[in-house]
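One rule links them: number in the numbering used here = place in the sequence shown (from 1) + 358.
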Amino acid sequence: MNAPFPAKPRIAIVGSGALGIYYGAYLARAGHDVHFLVRTGRAAVLARGLRVKTPTEKFQLKKVPVYGSTEEIGPCDLVLVALKATSNDALKKLLPPLLGPSTLLLTLQNGLGVEEPVAEVAGPDRVMGALCYIACERREPGVVECRFPGVMTIGKFGKPAGDRTHAVASMFTKAGVKCEAQDNLEEMRWRKLVWNVPFNGLAIAAGGVTTDVIMADDGLRTLARRLMEEVVETAAKFGHVIPRSFIDLQFERTAKMDAYRPSSLIDFEYGKELELEEIWGEPVRRAKSVGASVPRMEMLYWLIRHRLAARKNTKKKR
């Protein structure tokens, strides 16, 4: 279990959305042995490979190992869990075939409580979490456009980062993905929510708007800041001190994204499930558990639930 992370790891990418394709493509381009689980659009990926476009470069991998099941992939040294948290029920079937004696698992999912489902299947000592400060979108199967590459931070589940966590971070950095290891994964999760709660949420609640609209509208921008403050105040109740300057940093980063559609808005518009509980519900429940007042977070949570219910009713009437 505590064997050193290999210099040439065998890697599985579970989930072929924007993040899975983006990070997997960079690792594959760097020469790593990367295997992609692609259950939707597999024929297109087999025919055309993977394509990645960023503000500074674009590249194509014409031939990549693509599979329809994890049984076909087999045991790996590292598994990137790039599924949405709404698909975590599938982990009990997907993950076991990928596990070897020293396999590490890195979940790229958003929100709170996302490491636990992975740990239930693989054991907590194997699990790491990643916070992906990135703005990218899957345009079609195997094709990803990234407006803001940003940085990835990773941490060990329930413990400070050890040698293997640092080795994984170094692997990403050498592959062209800025990555750093941090000791407090839970604090990292709260920091990511500082952006996700307002911008993913308001994009939906305000009627399907992009980040530039939120930034340009005085009311929405002010509401975004107030939501961020509630997240920061709640995190402090759990001992995680996030400086107010971190809020300003989120606005600076968002200004560089232009007309970006947050991932939750894309899912909403395509009729997919949202990470409703992980991004909005669980933070509200944790705030209540420690007596934190989060009226705007509660309002946003219920507004999104209402929009989801309205979307469901619209489908029934068609």
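From the three backbone atoms N, C-alpha and C, an ideal C-beta is built for every residue, glycine too.
* Range of the contiguous alpha helix (DSSP H) that encloses Pro475 -> Segment 473-480, the alpha helix (DSSP H) holding Pro475.
* Asked: Which stretch, first to last residue, makes up the beta strand (DSSP E) that contains His393?
  -> Here the beta strand (DSSP E) through His393 covers 391-395.
* Which residue from Thr465, Arg496, His524 puts its Cα closest to that of Asn446? -> Answer by Cα proximity: Thr465.
* To do: On a CA-only basis, which of Ala539, Glu544, Leu456, Leu560 is nearest Ser516? Give me that one, please.
  => Strictly speaking, residue 516 in this sequence is Gly, with Ser absent from that position. When the alpha-carbon of Gly516 is set against those of Ala539, Glu544, Leu456, Leu560, the nearest one is in Glu544.
* **Cβ distance (whole Å) where Pro454 is taken to contact Val479 below 8 Å** => Right, their Cβ atoms sit about 7 Å apart.
* To do: Alpha carbon to alpha carbon, how far is Ala401 from Arg547? Give it in angstroms, no decimals.
  => Approximately 35 Å between the Cα atoms of the pair.
* To do: Decide yes or no for the touch test of the segment 522-539 against the segment 383-393: beta carbon pairs closer than 8 Å, at least 3 of them.
  => Segment contact: the segment 522-539 against the segment 383-393, three or more CB-CB distances shorter than 8 Å; contact assigned.
* Would DSSP call Arg497 helix, strand or coil? -> In this structure, Arg497 counts as strand in the three-state DSSP scheme.
* Pick helix, strand or coil for Asp435, following the three-state DSSP scheme. => Asp435: strand per DSSP, three-state reduction.
* What span of residues does the alpha helix (DSSP H) with Val555 cover, start to end? -> Segment: none, Val555 is in no alpha helix (DSSP H) and carries neither H nor E.
* Asked: Which first and last residues belong to the alpha helix (DSSP H) in which Leu585 is found?
  -> Where Leu585 is concerned, the enclosing alpha helix (DSSP H) stretches over 576-595.
* Residues bridged to Glu544 by DSSP? -> Partner(s): none; Glu544 has no beta bridge.
* Looking only at its own chain, which residues have a Cβ that is under 8 Å from the Cβ of Pro364, when we skip the five neighbours before and after it? -> Cβ neighbours of Pro364 beyond the five flanking positions: Asp435.
* To do: Please report the residue range of the alpha helix (DSSP H) in which Gln608 lies.
  => It spans 603-613 - the alpha helix (DSSP H) in which Gln608 sits, taken as one unbroken run.
* **Distance CB(Glu587)-CB(Gly469) smaller than 8 Å** => With respect to the 8 Å criterion, Glu587 and Gly469 are not classified as neighbours on the basis of their beta carbons.
* Pull up the CB-CB distance for Ala440 and Gly375, whole angstroms please, since I reckon it's below 8 Å. => Between Ala440 and Gly375 a beta carbon distance of about 6 Å is seen, short of the 8 Å cut, so the two are scored as contacting.
* To do: Tell me, please, which residues DSSP counts as bridged to Tyr491.
  => DSSP, once it has assigned bridges, lists Val509 as partnering Tyr491.
* **Range covered by the alpha helix (DSSP H) that runs through Phe363** => Per DSSP, Phe363 belongs to no alpha helix (DSSP H) and is neither H nor E.
* Beta carbon of Ile369, beta carbon of Val392: below 8 Å? -> Their beta carbons are under 8 Å apart, which means Ile369 touches Val392 by this criterion.
* **C-beta atoms of Met655 and Arg505 nearer than 8 Å** => No, they are not a contact pair.
* Distance, Cα to Cα, Thr414 vs Val526? -> Rounded to whole angstroms, the gap between the alpha carbons of Thr414 and Val526 is 24 Å.
* Asked: Can you list, in chain order, the residues of its chain whose CB lies under 8 Å from that of Leu578, leaving out five sequence neighbours each side?
  -> Around Leu578: Leu560, Ala564, Val567, Val571, Ile572.
* Check whether the Cβ atoms of Arg409 and Val501 lie closer than 8 Å to each other. => Against a cut-off of 8 Å, the Cβ pair of Val501 and Arg409 comes out as a contact.
* State the Cα-Cα distance for the pair Pro499 and Gly378, rounded to the nearest angstrom. => For Pro499 and Gly378, the distance between alpha carbons rounds to 11 Å.
* Asked: When the Cα atoms are used, what is the spatial distance from Asn542 to Leu463?
  -> Each residue's alpha carbon lies about 17 Å from the other.
* Using a threshold of 8 Å, state whether the C-beta atoms of Lys420 and Gly407 are closer than that. => Yes, the Cβ-Cβ distance between Lys420 and Gly407 is below 8 Å.
* By a C-beta neighbour count over all protein chains shown, 10 Å radius and 16 as the cutoff for buried, is Ala737 buried or exposed? -> Residue numbering for the chain in the displayed model covers 359 to 676; residue 737 lies beyond these limits and cannot be assessed.
* **Close Cβ partners of Val509 (< 6 Å) along its chain, the five nearest in sequence each way excluded** => Tyr491, Lys536.
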